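Undergrad: Sequential numbering from 62 applies to the sequence shown in the working numbering. Even for Gly, the Cβ is constructed at its ideal location relative to N, Cα and C. It should be emphasised that the depicted structure is a prediction, and the values quoted were computed from it without experimental measurement.
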Amino acid sequence: MFRKRLMAQAALLLAAVVAAHAGLFDFLKSKKQSGPSLDYPNQIQPLFARYCYDCHGEKAKADLDLRVFKTDADAIKERKLFENILKQVQTQEMPPKGKPKPTDAERDKMIQWIESVVFACDCNNPDPGRVTLRRLNRVEYNNTVRDLLGVTLRPADDFPSDDVGYGFDNIGDVLSLSPTLMEKYLMAADRLLLEAWPLRTKGSNAPPTWFEQRHVLPALTHTNPLAGARLAIHGFARRAFRRPVSINEVERFMQLVSKAQAEGDSLEHGLRLAFKAVLISPHFLFRGQLLPPQTPSSRPVLITEHELASRLSYFLWSTMPDDELLSEAGRGTLRKNLEKQVRRMLQDPRADALVTNFGEQWLELRRLTQITPDPATFPEFTDELRTAMWMETTAFFRAILREDRSVLEFLDADYTFVNETLARHYGLKGITGPEFRKVSLKGTPRGGLLTQASILTLTSNPTRTSPVKRGKWVLDNLLGAPPPPPPPNVPELPEHGELHGTLRQRLEQHRADPLCSSCHARMDPIGFGLENFNAVGAWRTRDGKDALDTTGQLTSGEAFKDSVELRAILRRKKKDDFLRCLSEKMLTYALGRGLEYYDRCAVDKVTANLPRRGHKFSALVMEIVNSVPFQYRRGEATIASLAE
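1) So does the region 97-117 actually touch the region 162-171, counting three or more Cβ pairs closer than 8 Å?
2) Along the chain, where does the beta strand (DSSP E) containing Thr-241 start, and where does it finish?
3) For Leu-709, which beta-bridge partners are listed by DSSP?
4) Whole angstroms is fine: what's the gap from Asp-326's alpha carbon to Thr-433's?
5) Would Glu-657 count as contacting chain B if we go by Cβ distances under 7 Å?
6) Measuring alpha carbon to alpha carbon, tell me which residue in Asp-604, Arg-372 and Thr-430 is nearest Gln-402.
7) Looking at the secondary structure, which residues open and close the beta strand (DSSP E) in which Val-500 lies?
8) Which word fits Arg-601, buried or exposed, when buried means at least 16 other C-beta atoms lie within 10 angstroms of its C-beta?
9) Identify whether Val-416 lies in helix, strand or coil by the three-state DSSP scheme.
10) Give me the residue from Ala-370, Glu-425 and Gly-494 with the minimum Cα distance to Ala-449.
11) Would you call the region 610-625 and the region 451-467 touching, i.e. three or more CB-CB distances under 8 Å?
12) Quick one: is Gly-159 buried, meaning 16 or more other Cβ sit within 10 Å of its Cβ, or exposed?
13) Excluding five sequence neighbours on each side, which residues of the same chain lie with their C-beta closer than 8 Å to the C-beta of Thr-482?
14) Straight-line CA distance for Ser-91 to Arg-191?
15) How long is the line joining the alpha carbons of Phe-345 and Asn-309, rounded to whole angstroms?
16) Determine, using beta carbons only, whether Tyr-659 and Asp-188 come nearer to each other than 7 Å.
17) Would you check if the region 229-244 and the region 312-320 touch, i.e. whether three or more CB-CB distances between them fall below 8 Å?
18) Should the region 204-214 be regarded as contacting the region 629-637, the criterion being three or more beta carbon pairs within less than 8 Å?
19) Ala-599: which of Cys-580, Pro-506 and Ala-542 sits nearest, CA to CA?
20) Can you tell me whether Val-479 is helix, strand or coil according to DSSP?
21) On the criterion of 16 or more Cβ atoms from any shown chain inside 10 Å, does Glu-324 qualify as buried, or is it exposed?
22) In this structure, does DSSP put Arg-348 in helix, strand or coil?
23) From the DSSP output, which residues share a beta bridge with Phe-621?
24) How long is the line joining the alpha carbons of Asp-100 and Asp-124, rounded to whole angstroms?
25) Nearest by alpha-carbon distance to Arg-199: which of Ala-484, Tyr-246, Arg-128 and Glu-167 is it?
26) Consult DSSP for Phe-442 and reduce its assignment to one of helix, strand or coil.
27) Within 10 Å of its beta-carbon, does Gln-104 have 16 or more other beta-carbons around it, so buried, or fewer, so exposed?
28) Looking only at its own chain, which residues have a Cβ that is under 6 Å from the Cβ of His-676, when we skip the five neighbours before and after it?
29) Along the alpha helix (DSSP H) that carries Ala-217, what are the first and last residues, could you check?
30) Using a 10 Å radius around the Cβ and a threshold of 16 neighbouring Cβ atoms, would you call Val-129 buried or exposed?
31) With which residues is Phe-229 paired in a DSSP beta bridge?
32) Note the first and the last residue of the continuous alpha helix (DSSP H) segment covering Pro-286.
33) I'd like to confirm the pairing. Which residues does DSSP put opposite Asp-607 in its beta bridges?
34) Whose C-beta lies closer than 6 Å to the C-beta of Glu-368 among residues of the same chain, with five residues either side of it excluded?
35) I want to check one thing, is the minimum distance from the CB of Phe-439 to the heavy atoms of the ligand FAD below 6 Å?
36) How would you call Leu-292, buried or exposed, if buried means at least 16 neighbouring beta carbons within 10 angstroms?
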């Protein structure tokens, strides 16, 4: 009976959540677009016609025909597309090599038009963006019940896998709630409460043992069991919901206790039902306010200190706020002591969640478990080596976090972490044993993420390297300039057949196809610079019988002869692109939503402030935490206006 009642209550609560969530998102998606009217037909369209229509007109390379844009309004409807166009124009990736290029003044005019019209937003009156109501993903659920109940069970390992959006598995838009998952929540609540609050102790066959101790006992007093139950529910719900709970909320859970007793069950049984109801409540399973703030303001509204504590803890720890955060929030002093708390959290062991949940997904490291190099071609690749590759990259990320180093070291650090297995793979001498230790890379061709075997392996094919995949990985994850998807019906590069010569020569023949040339001109040179590393990241000087050509030139003009010079170019000439890319990735992860045009103000501020703070990892985190979208939400008047 109680199970059916709880199922019904859970269904009603979750239906209300989904309805509120859907209504809010309908509001946010229906925003009217408007902006200042500029002379697009006479000032901007002629530039597109002169420099872009040759490829993106009738030919429509990459399925892009710029002729369809006749007015500002046409462009505003396609903001996502123009984000990519802006990056191509800013980085001088487009027009491609061999095509007429705009003057600096013309390029500036195109950039100014895109930024002021297509992405029109007032940074003095910023928009914190839409509220993302999201359920706890599997990692967050396991961590939260661990810290809430003190158990080692990981019930979410048996939940359906979480979908991924924008590269991360904590994105609210894709974290759906199915009937199967709801059933899993109910079963998990039972298991968790049984583990945390066993019905009976685990006995043994040993005889009873008696101890004699002398104590002075206080006088017996009459106690009210229901008052104690109410206090227990209040304390449990406050921590589970990660915020203060109202008297009415506590009384709703107390009704389960009272009904259980009325039907002849014990107080303990009633409390279990109440705690189970807490564990399947939307206020536990979801993060964020279920309804918009009741604030008639058109300006951004600060989130509550308890919501800030929750955002902080799930960003840095992937779990609920600890007692110190909740206490600071309860006193209203969390914002005042924010930097102190962030630094404390980054040094806490729970900050390892930022390595495994942000770092591994940003770098696509989780795909390494699915990579299977051909055993005949690479017999040295074993599960032990795969694990060592993964541990090197996570240890490297962890060192930058723990030691608060410059994030630019991701590009070109002169150190790494190896054990004997990986050192042998790299040709490093004097390293013995399974333990990982920090080693210098000075005088070697390695440095930074790009030359780590994990990255080189997951961007290769089973039998050979892939300059295309390696170049694409750099554009996606380090420079924030992902190429568009390949045109339909374009075949993969054949291993054998019509194309002849070295891998580089065959790729050059492949990209002679006009449909392929522009994107491959961006990806391939980067990959060529990494050709000294084979498909499992080992150093080589030849590809079979063929000599390697590791020279290349970026579409923005910088030339290099090998991976060492390529890394130097990325750090010196492309560091702003990298800082922006990393800021966008981390802000996406912290907010649990994709970034929109109005988030550009926040990203601009984050990246602009990093140099004066030495590009430190903690500086990046603090800039994210202090950003408008992290600290604020839209006022009710703003949300209402989006529905008009």
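TA: In short, the structure shows the following:
1) yes
2) Per DSSP, Thr-241 lies in no beta strand (DSSP E); the unbroken alpha helix (DSSP H) holding it starts and ends at 240-257.
3) A query on residue 709 cannot be resolved here, the shown segment of the chain reaching from 62 to 705 and no further.
4) 57 Å
5) The structure shown contains no chain B, having only a single protein chain.
6) Arg-372
7) 498-501
8) exposed
9) helix
10) Gly-494
11) no
12) exposed
13) Glu-445, Leu-446, Ala-449 and Pro-495
14) With a pLDDT of 35 at Ser-91, under the threshold of 50, the predicted position of this residue should be treated as unreliable, though the coordinate-derived value follows. When rounded, the distance between both Cα atoms is 12 Å.
15) 17 Å
16) yes
17) no
18) In short, these stretches do not touch, since the Cβ pair count stays below three.
19) Pro-506
20) strand
21) exposed
22) strand
23) Gly-613
24) CA-to-CA, the gap between Asp-100 and Asp-124 works out to about 26 Å.
25) Tyr-246
26) Coil.
27) With fewer than 16 Cβ atoms within 10 Å of its Cβ, Gln-104 is classed as exposed.
28) The residues are Ser-467, Val-468 and Leu-469.
29) If you look at Ala-217, you'll find it isn't in any alpha helix (DSSP H); DSSP assigns it neither H nor E.
30) exposed
31) Gly-226
32) Here the alpha helix (DSSP H) through Pro-286 covers 286-302.
33) The beta-bridge partner set that DSSP reports for Asp-607 consists of Asp-604.
34) none
35) Summarising the ligand content, the structure contains no ligands, and the ligand FAD is consequently not present.
36) exposed
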